[in-house]
Amino acid sequence: MKKVVLIMGGCRSGKSRYALELASQVTEKNNIFIATLVPGDDEMKTRVQRHQKERDQHWKTFEAPIRLPEAVNDHGRRGNVVVVDCLTLWLSNLLLESDDQQRIEEQIHALIQALETAQCSIFLVSNEVGTGIVPENRLARLFRDIAGFANQKVAACADSVVWMVAGIPVLVKNPPQCGTGLAHRTRL
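Using the numbering used here, read the sequence shown as starting at 50 and increasing by one per residue.
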């Protein structure tokens, strides 16, 4: 049964690892990983390599730094399970391309439509960026606002939402029923 699961939290909270663990319970065939990061320096390239090692041979990786709705639409019809990592990097890429808020909101709505029409389970990773102080510059405030808007829209259409805290999943909305194993860890 198809599920949309949003996994949120702060930096280095275990979001990506948990998304992969849950998604791996669905199937070991035709697993799709959609990466939104464009590594711009050696440190980011090292991080990408480390994340790639966390995925086994059952995963095929596709990059969608800008055209995420199209990638989800395409792979959500052909894959058995999809992990998107991560929404906030995608939003950052969109914002750096153009700070037209209406255009970005249209892309968020296109992503929601792709999630709704997907034929397989999709696990989305996103950062919570609204729990800190108000940023002092316009671009950072716009990013925070867009990320909060996107997280709310995806959470509203998701079957389950999990908040990661120090590697511990905390259920926010309906437990992800992906098989045996990890789902019990999300109960409150």
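All C-beta atoms, glycine included, are put in the ideal place defined by N, C-alpha and C.
Computed from a predicted model, the values in this text were never measured in an experiment.
Using a Cβ-Cβ distance cut-off of 8 Å, the stretch 198-207 and the stretch 152-166 are in contact, since at least three pairs of beta carbons, one from each stretch, lie closer than that value. The beta carbons of ALA68 and VAL132 sit closer together than 7 Å.
For the options GLU119, ARG61, TRP108, the alpha carbon positioned closest to that of ARG96 is the one of ARG61. Take SER170, set aside five residues on each side of it, and the residues of its chain with a beta-carbon closer than 6 Å to its own are LYS51, LYS52, VAL75, VAL130, in chain order. As for any alpha helix (DSSP H) of minimum length 4 sitting wholly inside the stretch 59-137, the runs are 64-75, 91-103, 117-127, ordered along the chain. Rounded to whole angstroms, the gap between the alpha carbons of VAL221 and VAL210 is 5 Å.
Counting only the Cα atoms, GLU112 lies some 19 Å from ILE56. Contact annotation, LEU138 with THR180: C-beta distance approximately 18 Å; criterion of less than 8 Å not satisfied. Residue LEU164 holds the alpha-carbon nearest to the alpha-carbon of ARG126 among LEU164, PHE172, LEU188.
In the three-state reduction of the DSSP assignment, ASN176 falls in the strand class. Counting other Cβ atoms within 10 Å of its Cβ, GLY128 reaches 16 or more and is therefore classed as buried. Around the beta carbon of LYS78, fewer than 16 other beta carbons sit within 10 angstroms, so the residue counts as exposed. The bridge partners DSSP lists for MET57 are SER175, TRP212. One thing to note: ALA72 has its Cβ no nearer than 7 Å to the Cβ of PHE198. Annotated three-state conformation of LYS202 is helix, per DSSP. Boundaries for ILE161: no beta strand (DSSP E) harbours it, while the alpha helix (DSSP H) harbouring it runs 150-166, taken from the DSSP string. When the alpha-carbon of ASP123 is set against those of ASN176, ALA215, THR166, the nearest one is in THR166. The alpha-carbon separation between ASN223 and VAL54 amounts to approximately 9 Å.
In chain order, TRP212 place their CB closer than 6 Å to the CB of VAL219, counting only its own chain and leaving out the 5 sequence neighbours on each side. ASN80 and LYS102 do not touch by the CB rule: their CB atoms are close to 15 Å apart, not below 8 Å.
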